[in-house]
Amino acid sequence: MTEFLNGLTLADAIGSFGALIVVAAYFATQMRMMNSDDLAFPVVNLVGSVLIVYSLLQNFNLASMLIEGFWIAISMVGIVQYFRLRREP
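Under my numbering, the first residue of the sequence shown is numbered 132, with each subsequent residue one higher.
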């Protein structure tokens, strides 16, 4: 275990933190602690995904990069939708 932990890079730590953020947001939504209609939900997902992408730029994996690209795009749509719906009377 020590050898494994010593082999982790800063990119690994950042990506792992991003994964924890995304999973925590999903868990919070499932536990009704966070509402997916709130701005916080897509913002937290966006931040987590960007951190994961940072790690993927150091250790590339096509499938993971694709899912994170979609996750970022969907999060951005959620942020735009939030502000669009707030503007409507």
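For every residue, glycine included, the Cβ atom is placed at its ideal position computed from N, Cα and C.
Option in the options with minimal Cα separation from residue i
i: Gln189; options: Asn176, Ala144 and Phe214; result: Ala144
i: Ser195; options: Met162, Met164 and Val184; result: Val184
i: Arg217; options: Phe158, Ile198, Asp168 and Leu197; result: Asp168
i: Ala155; options: Val208, Gln212, Val174 and Phe191; result: Val174
i: Val153; options: Ile198, Tyr213, Gln212 and Arg215; result: Ile198
Enclosing alpha helix (DSSP H) for residue i [first to last residue]
i: Met196; result: Leu193 to Arg218
i: Gly109; result: Outside the displayed range of the chain (132 to 220) lies residue 109, so it cannot be described from this structure.
i: Leu139; result: Unbroken run through Leu139: none, as it is neither H nor E.
Short Cβ contact (9 Å threshold) for residue i with residue j
i: Ile203; j: Ser180; result: yes
i: Phe186; j: Ala142; result: A small fix is needed here, since residue 186 is Ser in this sequence, not Phe. Yes; because the gap between Cβ atoms is below 9 Å, this pair is in contact.
i: Ala171; j: Met162; result: no
Same chain only: Cβ atoms within 6 Å of residue i, ignoring 5 sequence neighbours per side
i: Gly149; result: Gly179, Leu182 and Ile183
Other residues of its chain near residue i: CB distance less than 7 Å, five sequence neighbours each side excluded
i: Asn176; result: Val153, Ala156, Trp202 and Ser206
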